[in-house]
Amino acid sequence: MVQIPDWVFEFHGHKCPAMPIGYRAGLAAMKKLGVERASNKELYLVCENGPAHATACFLDGVMAATGCTYGKANVEKRNYGKNAITLVDVKNKKAVRVAMNPEFQKKALSSEFVKLRSQGVEPKDIPPEVVDPLIEKILAASDEELFKIGEVHESHIRDPKGTFNWYECEICNEIVFENTTRILNGKKVCIPCFETH
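Each residue of the sequence shown is one higher than the one before, counting from 1 in this note's numbering.
As structure tokens, then:
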């Protein structure tokens, strides 16, 4: 059975089945690529889930497992509404896509946990006797039961390079980094000022 460190649940904020599924997806992708968790930008993550749907918690699990984070700028979120990821080994330019097995996902979406969530019950208010067996089932399942794991393929995703060059927005006077600066009437401005003036 796969173990999820306690810090992952603490980071996520509550117990639910979607975060552990994401954690398992990240582990499965790393295993297929033969890579370890990223401490810098060794990996790049493309996540296909979207905002405000039943399993958005999936992404926290993937980030915890892979070490890809928004802070390291090695996560890209595409709002496709799917629990699927593509993990890229940046150095070797190899990638793999891991998606939830539809049969497993259908069963998960018909669980008592999801029924309660669809009625507006917050995850932290769902009793352990409802959520814990789901998490245990996810942790005990094989990768094949949980996921469709693609073949390793070449990747042409470029990890965007960060910049240390900055400007002071000439409207709001806040610091904005060069790669997101816009020009408005000859002034260097941030995106919000560009969009509102």
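Beta carbons are placed, not taken as given, at the ideal position from N, Cα and C, and that holds for glycine. In this text the structure is predicted, and so the values were computed from the model without any measurement.
For the pair Lys82 and Asn40, the CB atoms are not nearer than the 8 Å cut-off.
Within the same chain, Ala38, Asn40, Lys41 come within 8 Å of Lys72 by CB-CB distance, once the 5 residues on both sides are set aside. Sequence-distant partners of Gly150 (beyond 5 residues in either direction) whose C-beta falls short of 6 Å from its own C-beta, in its chain, are Val96, Arg97. An exposed status is given to Asp125, since fewer than 16 other beta-carbon atoms sit within 10 Å of its beta-carbon. Per DSSP, reduced to three states, the secondary structure at Lys32 is helical. Assignment of beta-bridge partners to Leu45 by DSSP yields Val75, Leu87. As summarised for the region 86 to 170, the continuous alpha helix (DSSP H) elements at least 4 residues long and confined to that stretch are 102 to 109, 112 to 118, 128 to 140, 143 to 146, given in chain order. Per DSSP, the beta-bridge partners of Arg182 are Val189. In chain order, Glu48, Asn49, Gly50 place their CB closer than 8 Å to the CB of Tyr80, counting only its own chain and leaving out the 5 sequence neighbours on each side. Setting aside the 5 residues that flank it on each side, Val130 is surrounded in the same chain by Glu112, Phe113, each with a C-beta closer than 6 Å to its C-beta; the list follows chain order.
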